[in-house]
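Be aware that the sequence shown starts at 2, since it is given in this note's numbering, and climbs by one per residue.
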Amino acid sequence: MRCSIQPGLAGLLALLLCLPVAAQEEREPKELGLHTRTTSRLFQVDLSVSGDPDVIRSLQPADFKIKIGIHKLTDFILDRVCEYPEAAIDESTGERVESVPVSRPGSYLFYFDQPHLTQAGRHNSLVQARELIPMLIRDGNQAMIVSNADRLVTLTGFTSDHGELLAALDVLENDPTQLSTWATMESMRMDSIITAMNDIDTVEHAAAVARQHQREDRQITERNFHRLEATLPRLAGLPPPKVVIYFADTLRYNAGELYLGFFSPEVIAVVSTLSNMRTDALTARLGFDRVVQQASANSIRFYPIHAEGLTFEVQRLGLTGLGLSKSGDIPTVTSDRSRMAQDTLASLAVETGGSHFINGPSSRVIADRIRADLNCLLIVSFDPAPYSMDKPHRLLVKLKRKGAKLHSRGQVLFQSESKKLTDRLLAAFTAPGSDDPQISVIESLIPLDYEGGEFKALLQVAVSGVPVPGARWDVGASVVDSHSGVIDASGQMTVSAPGAPVIFEQEMSLSPGPFQIVSVAHEHVTGLVASSEGGTDWPKPDPDHPSMGPIALVQPVEAVFVRDGNVRGQGSLALGDDRPALTDRPTALVGLVCTGKGKNRWDNTRVERRLIGDAAVSFPDLMPESSRDRCIQVRDVIPAYTLVEGSFRYEIELYRDDEKLTGSSRIFNATKPEETGE
């Protein structure tokens, strides 16, 4: 038999196949007692175990009862990732002395959530982190430090160097961009509701103030949950134990619900604004759940610390008789706000297999508890194929033998490949130095329709090209709204032409309100990574009055467009507010016009549009009387070479007979193509 030798792994395999039988037999490996199986990648669950060392040393799979959802898990591999040395004999007493277990080095993420830290909490968290680092980051352990405020920053990547970690904390302490007054201002927000209840004649005004605070609280908390969720995949490829030491004071999974505490159930039932607040409160937990699910998918444990320490704040309402009549004569003392936040931290710990620390325990107590949890871990490995992907499954683990105790997380989640891709991209967004000036990422949303209380929109993520042939792109985006939580989108594509830009598209449904969009692109040939974070606000159409949706500015471009797996070489791209339209291309303006409810909602109405600027353009009136839809899309096209350099204002107005009902506008600039560098 003649064989040609090839380089790399393929060549090695070919060489092994070409060896004579005798030679292969000489190299037959010895039996090492390891078990192998042909399967997909195994999923691992980490369990903390404590108790009698002899029992722990001898644990076998048959000693466990494991349920995932409603199904028993019987086919799994059990590994112990600590060593329990045999007991030694004390020569002076002759007694048997158990040795301390030797655990595997772990990875720690110190995470400071600044909008949820009071001033005292921020100070205490930095003091405590400085004390915990030498206690925990030893014996091969490593740590990284991340802080979230108006922006998310990584102060240092994973390191075991105490000096580097402590220096990063000094930088954090003196960084004015990593300060937030959101938690401190909470009392003032509550006072504003009290003032509205006491001084204004109608309860609706106080309800509107409470509603506004709820929306802001919900939006900020959703954003912060999303950033935390996006950071966790940076621990994904590391072996357990993986720990997040999370500092916060006012984080609540039911963000904004505390403002309902000013109103009795009877008042809530008859005031529509308050009823809507109650409905929104039912979905406020989505961001929290996603953090727990991300931790469960990557075997990460949370150890939250209520950094403010021992407090018991009693908020006296100070309601006058007028205010009490609006509230429904509720008690003058609200629920303890700190306890609501502490319950959230406790849930975060319980669901992920960690522990929580409230009421100001010392750093020594915290470190001892964490080390005790992680001294010895058992790893349960099994094939996740029989279970549904991207959905949480309740986890129940019991030990049949006496003499040892288990501590486990409350759920597991098996991620699909597309979800893993999105998470890897979002993790790149949180990594230091992730943005590369050689490439840019721009995200946009084009309004398509409004139906069933949701906007239908086309998400576009545009990535500038790289000057290499065969560029391989991973592109992902995550859209956070104040009601639905987070919507992920991701795709992979290969581009043969050097320098060709890439535009990833996906249709999605979005709840009205403010959005945050995070988009990331990773090119594999060059290793370049770029990211972008932006936001917008699409107000909810008024059910009783006409209203306008957003207006998008769109132009055709030559690029690699990818949607639903289909590829085309040209298409239309929405331009951001800071990007001018090119005068040599047709320009489309796309918007939504909505009317109130009612069978004859569009009777005697017309939609007028005009372009104000140095261009001769007119648009015929639209007559939507025959439409049965709540909202209609308006799309006006300006021919190529019609626009000249300058600034323009596009206006949409809705009239009934001669009465103007509502209007909206979009200002944009136009320039010649050579001035854009294209």
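We put the beta carbon where it would ideally sit given N, CA and C, even for glycine.
query: Helix, strand or coil for Ala575 per DSSP?; result: strand
query: Could you tell me whether the Cβ atoms of Asp140 and Pro106 are closer together than 8 Å?; result: yes
query: Which runs of the beta strand (DSSP E) fall wholly inside the region 243 to 327 and span at least 3 residues, in chain order?; result: 243 to 249 and 301 to 307
query: Curious, which full-length beta strand (DSSP E) runs of at least 3 residues does the region 159 to 193 contain?; result: none
query: Thinking C-alpha only, which one of Val481, Leu511, Pro513 and Leu460 is nearest Gly492?; result: Leu460
query: Identify, in the order they occur along the chain, each residue of the same chain with its Cβ nearer than 8 Å to the Cβ of Pro470, setting aside the five sequence neighbours on each side.; result: Ser497, Ala498 and Pro499
query: If I'm right that Ala150 touches Ser181 with Cβ under 8 Å, what's the distance once you round it to whole angstroms?; result: 5 Å
query: In the DSSP assignment, find the alpha helix (DSSP H) that holds Asn225 and state where it starts and stops.; result: Val204 to Thr232
query: Tell me whether Pro557 sits in a helix, a strand or coil according to DSSP, three-state version.; result: strand
query: Please go through the same chain and pick out, in chain order, the residues whose beta-carbon is closer than 8 Å to the beta-carbon of Lys406, but skip the five residues on each side of it.; result: Val50, Ser51, Gly52 and Leu400
query: Comparing C-alpha positions only, which one of Thr345, Ser417, Ala168 and Ala211 sits nearest to Ser193?; result: Ala211
query: Can you tell me which of the three DSSP states Ile552 falls into?; result: strand
query: What would DSSP say about Asp538, mapped onto helix, strand or coil?; result: strand
query: Could you check which residue in Val618, Val638 and Arg607 has the C-alpha nearest to that of Glu626?; result: Arg607
query: So, with DSSP's three-state summary, where would you put Ser126?; result: helix
query: Look at the alpha carbon of Pro502 and the alpha carbon of Leu229, and state the distance between them as a whole number of angstroms.; result: 30 Å
query: When DSSP labels each residue in this structure, what does Met390 get in the three-state scheme?; result: coil
query: For the structure I just gave you, are there three or more beta carbon pairs, one from the region 555 to 575 and one from the region 521 to 541, closer than 8 Å?; result: no
query: Note down the Cα distance separating Glu267 from Thr274, rounded to an integer number of angstroms.; result: 13 Å
query: Closest by CA to Ser619, which one among Ala432, Ser532, Tyr651 and Glu675?; result: Tyr651
query: Taking the alpha-carbon positions, what's the Cys377 to His307 distance?; result: 26 Å
query: Hey, quick one: how far does the alpha helix (DSSP H) through Ala350 stretch, first residue to last?; result: Arg338 to Thr353
query: Mind checking which residues open and close the beta strand (DSSP E) that includes Asp482?; result: Ala472 to Asp482
query: What is the DSSP secondary structure of Leu137, counted as helix, strand or coil?; result: helix
query: Just to confirm the assignment: which complete alpha helix (DSSP H) runs, minimum length 4, are found wholly within the region 402 to 454?; result: 418 to 431
query: From Pro364 to Phe383, what distance separates their C-alpha atoms?; result: The amino acid at residue 364 is misidentified as Pro; the sequence shows Ser. Rounded to the nearest angstrom, the two C-alpha atoms are 37 Å apart.
query: Rounded to whole angstroms, what's the CA-CA distance from Phe456 to Pro135? Just pull it up for me.; result: 51 Å
query: By Cβ distance below 6 Å, which residues in the same chain neighbour Asn670 in space, the five residues on each side in sequence not counted?; result: Pro581 and Ser648
query: Do the region 419 to 432 and the region 508 to 517 make contact, defined as three or more Cβ pairs closer than 8 Å?; result: no
query: Is it buried or exposed, Val467, if we count other Cβ atoms within 10 angstroms and call 16 or more buried?; result: buried
query: Within a Cβ cutoff of 6 Å, which residues of the same chain sit near Pro8, ignoring the five residues on either side of it in sequence?; result: Residue placement at Pro8 is poorly supported in this model, since its pLDDT is 36, which falls under 50; the coordinates still yield a value, given next. Within the same chain, Pro8 has no close Cβ partners at all.
query: Taking only the alpha-carbon atoms, compute the straight-line gap between Gly361 and Glu506 and give it to the nearest angstrom.; result: 49 Å
query: Counting along the chain, where does the beta strand (DSSP E) carrying Arg636 start and finish?; result: Cys632 to Ile639
query: Report the option in Ile57, Val46 and Val591 whose CA atom is closest to the CA atom of Arg402.; result: Ile57
query: Do Asp585 and Ala641 come within 8 Å of each other at the CB atom, strictly closer than that value?; result: yes
query: Is Val268 close to chain D, meaning its C-beta is less than 8 Å from at least one C-beta of that chain?; result: Looking at the structure shown, chain D is missing, and only one protein chain is on hand.
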